[in-house]
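Remarks on the structure that follows.
Residue numbers (UniProt numbering): 1 to 173.
Here's what the structure looks like:
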């Protein structure tokens with residue numbers, strides 16, 4: 001495959017039709033005088049101590065990408081490497097196979113347009129960067145016959161998957 005393992009997918013235009021991927025996050029309760037109160041915020045909106053709602057970029061992108069992969073009926077898994085853990089839990093996970101830098105998504109369904117064994121995606125926020133360990137994992141997977149790429153945002157990940165021949169649900173966002 002000509003694509004380098006550490007090359008990033010670019011951003012794309014929004015897809016037409018389908019379901020909305022990124023509704024805006026708004027706090028529930030009384031509004032600032034413009035319209036009725038909002039019933040609730042999307043589940044991926046985190047609350048700061050100030051009560052202001054924010055959208056975590058990579059987490060939201062992961063939710064949307066997972067929905068797209070499920071809609072495409074692909075055999076895949078998300079590697080839960082993110083998050084802080086206690087020293088004891090981290091040690092246990094390492095002993096049982098958790099590997100630093102492993103890609104976020106592994107797609108086991110072979111792509112229709114290219115002859116590779118599977119697809120590995122390291123999903124980043126629009127400003128996120130892959131660590132040296134993540135880049136090494138992607139390079140090693142490419143050497144083993146996988147298509148592997150860092151993708152900034154769910155749109156870039158979907159574009160990468162579509163370039164390999166996968167078809168999924170249309171997304172508005």
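Positions of the beta carbon are idealized from the N, C-alpha and C atoms, including for glycine.
Whole-number beta carbon distance between residue j and residue i, since they are thought to touch under 8 Å
i           : j           : result
residue 164 : residue 147 : 6 Å
residue 154 : residue 64  : 4 Å
residue 181 : residue 109 : The requested residue 181 does not occur in the structure, where the chain is confined to residues 1 to 173.
Buried or exposed (CB count within 10 angstroms, at least 16 for buried), residue i
i           : result
residue 104 : buried
residue 82  : exposed
residue 86  : exposed
residue 127 : exposed
residue 130 : buried
residue 152 : buried
residue 62  : buried
Neighbourhood of residue i by C-beta distance below 6 Å, restricted to the same chain and skipping five residues each side
i           : result
residue 106 : 77 and 120
residue 112 : 165
residue 97  : none
residue 68  : 158 and 168
residue 203 : No answer is possible for residue 203: the residues shown for the chain start at 1 and end at 173.
One or two residues paired with residue i in a DSSP bridge
i           : result
residue 135 : Beta-bridge pairing links residue 135 to no other residue.
residue 123 : 151
residue 77  : 106
Same chain, Cβ closer than 7 Å to residue i, neighbours up to 5 away in sequence not counted
i           : result
residue 145 : 116 and 117
Handout entry: Stretch-stretch touch, CB-based, cutoff 8 Å, three pairs: the segment 137–147 with the segment 107–120
Key = yes
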